[in-house]
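Shown next, in structure tokens, is the structure this report addresses.
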Amino acid sequence: MERREAPPSVRIIHSGHACNVEEERHTERVYTIREGETLELTCLVTGHPRPQIRWTKTAGSVSDRFHDSSVFNQTLNIAKILRTQGGRYYCKAENGLGSPAIKSIRVDVYSVQGRLVEVCLLYVCLPSMEFMKGLRDQTAADGVCLAAMLAFFYPVGQYIWYFLSHQKKYLDEPTVTVHQSIGEAKEQFYYERTVFLRCVANSNPPVRYSWHRGREVLTQGSDKGVEIYEPFFTQGETKILKLKNLRPQDYANYSCVASVRNVCAILDRSVIFKLTNKTASPSIKLLVEDPIVVNPGQTVSLVCITTGGEPPPILTWICSNDSLPQRSVVKGGTLTLPAITSDEAGVYSCVASNSVGNPAKKSTTIVVRVPIDWSGMAIKMVNPTKVEAQMEVEWTG
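Numbering-wise (full-length UniProt numbering), the sequence shown opens with residue 1 and increments by one.
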């Protein structure tokens, strides 16, 4: 019997503990996993024809972030997951019928590392908080805290310490990336220039963002030339500030403030970006040939210079062999490879980034000649009477 066509539907399953977490505007499923363990998420799909599956994370592709070949498979597998790899994961299924089906789950990655005094101060020694603040010696503070735990909570204290240390709270420094777009000409006089500033920070618990222009707090609706929004697929993970058709007052210092609402006494963190009429993505130039053919033992210098970009781009060198040779020296935009060996041959790339647009990248290939061992060879002349002498090389050994 022929199956009827049906649009796709998806459901995400996993092993381990998960719970529903309510935020201000939405409720989501949160899966908690320990740093270093293996994350395994399975996307169960229905639909005919069979839908194609793709895993994504936040605003980017999982494959871009983790180079994992399973992004198109039903099961996403990330071995030895890092704290920074936490976030919201999406399974998208489509088969050409109706709209794609999308489901998401937030993954919180916790670390077991943390100081005993941090936990004690917040959860165990609250009655003695003022006394604890007066202890400047860290060892003494740890000792008082441990004594309080043993006296008041033993043996329950062991469980409390284990649970709290596994739910390590943190807030990393936020980063701002900038993207620009140029609109069509208006009455042939000028072009509309729109700028997007995107703020992201890793944290546990989830972070909340606020934007400031100078000392002015920017909110949605406070300025007709400003929009503040969270993309649908990244709610709670990023906050985008959109400056429409830039005006003179839009060229200013913008600060993104990331906050976890003072949870665990974690202070807010912020980052500042200066927007000017010269703000531009980076461009670079390599002052070398491609490819570069050298002999073993030669010293090779690769020179990379910036030809544009504001703020001034930061230059870094990368190699196709995963890491630069141990003996390599990087100074500014110059990479020096002393006494190069055949193992150090490969593609070397100069990358320039300044948080505006996409990083610029230029590459060159270094080819190291393989020396010929002439021992064991004999050379004899063939037809020496001819004007153009001919030679044959024969192995004698």
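From the three backbone atoms N, C-alpha and C, an ideal C-beta is built for every residue, glycine too.
_First and last residue of the uninterrupted beta strand (DSSP E) at residue 286_ = Taking the sequence shown and counting its residues from 1, the one referred to as residue 286 is at position 286. Here the beta strand (DSSP E) through residue 286 covers 280-286.
- Task: May I ask which residues mark the beginning and end of the beta strand (DSSP E) holding residue 82?
- Result: Along the sequence shown, read from residue 1 onward, the residue named residue 82 stands at position 82. No beta strand (DSSP E) contains residue 82, which DSSP labels as neither H nor E.
Can you tell which of 55, 368, 336, 195 has its C-alpha closest to the C-alpha of residue 12? To locate residue 12, count along the sequence shown from 1; it is residue 12. The candidate whose alpha carbon is nearest that of residue 12 is 55.
Just the C-alpha distance for residue 324 and residue 5, rounded to the nearest angstrom, thanks.
For the purposes of this step, residue 324 is taken as residue 324 along the sequence shown, with counting starting at 1. For the purposes of this step, residue 5 is taken as residue 5 along the sequence shown, with counting starting at 1. If I take the Cα positions, the gap works out to 53 Å.
Quiz item: With 16 other CB atoms within 10 Å as the buried threshold, where does residue 162 fall?
Solution: Numbered from 1 along the sequence shown, position 162 holds the residue referred to as residue 162. Because residue 162 carries a pLDDT of 44, less than 50, the predicted location of this residue cannot be relied on, and the following value inherits that uncertainty. By the 10 Å Cβ count, residue 162 comes out exposed.
With distances taken Cα to Cα, identify the nearest neighbour of residue 174 among 256, 74, 242, 265. Locating residue 174 in the sequence shown gives position 174, where the first residue counts as 1. The candidate whose alpha carbon is nearest that of residue 174 is 256.
Counting beta carbon pairs with one atom in the region 266-273 and one in the region 336-350, are three or more of them shorter than 8 Å? no
Notebook entry, point to check: What does a CB cutoff of less than 8 Å around residue 38 pick up in its chain, not counting 5 residues either side in sequence?
Noted result: As a first step, residue 38 is located in the sequence shown; it is residue number 38 there, counting from the start. Taken in chain order, the residues that qualify are 77, 78, 79, 80, 81.
Check your understanding: Should residue 361 be labelled buried (16 or more other beta-carbon atoms within 10 Å of its own) or exposed?
Key -> Against the sequence shown, residue 361 aligns to sequence position 361. Answer is exposed; the Cβ neighbour count stays below 16.
(Q) Suppose the cutoff is 8 Å on Cβ atoms and the five residues either side in sequence are ignored; what does the same chain contact list for residue 355 look like? (A) In the sequence shown, the residue the question calls residue 355 occupies position 355. Contacts found: 175, 176, 177, 178, 273, 311.
Query raised in the report: In terms of residue numbering, what span does the beta strand (DSSP E) encompassing residue 210 cover?
Result: Within the sequence shown, the letter at position 210 stands for residue 210. Per DSSP, residue 210 belongs to the beta strand (DSSP E) from 208-213.
_With 16 other Cβ atoms within 10 Å as the buried cut-off, status of residue 203_ = On the sequence shown, residue 203 is found 203 positions in, with the first residue counted as 1. Flag for residue 203 reads buried.
Note to self: Determine whether the beta carbon atoms of residue 35 and residue 75 lie at a separation below 8 Å.
What the structure shows: Your numbering for residue 35 matches position 35 in the sequence shown. Your numbering for residue 75 matches position 75 in the sequence shown. Cβ atoms of residue 35 and residue 75: not closer than 8 Å.
Quiz item: Can you name the start and end residues of the beta strand (DSSP E) that residue 273 belongs to?
Solution: Here the question's residue 273 lines up with position 273 in the sequence shown. Residues 269-274.
| For residue 239 versus residue 230, is the C-beta distance shorter than 8 Å? | To locate residue 239, count along the sequence shown from 1; it is residue 239. To locate residue 230, count along the sequence shown from 1; it is residue 230. Yes.
Selected residue, minimal CA-CA separation from residue 245, among 282, 194, 216: Residue numbering aside, residue 245 sits at position 245 when the sequence shown is read from its first letter. Among 282, 194, 216, the Cα nearest to that of residue 245 belongs to 194.
Exercise for review: Specify the secondary structure class of residue 342 as computed by DSSP and reduced to three states.
Suggested key: Along the sequence shown, read from residue 1 onward, the residue named residue 342 stands at position 342. Note: residue 342 maps to helix in three-state DSSP.
Exercise for review: Taking residue 336 as the reference, give the member of 353, 297, 104, 359 with the closest Cα.
Suggested key: By 1-based counting over the sequence shown, the position of residue 336 is 336. Cα-wise, what sits closest to residue 336 is 297.
Beta-carbon separation (whole angstroms), residue 307 vs residue 285, contact threshold 8 Å
Residue numbering aside, residue 307 sits at position 307 when the sequence shown is read from its first letter. Residue numbering aside, residue 285 sits at position 285 when the sequence shown is read from its first letter. About 5 Å separates the two Cβ atoms, so the contact holds.
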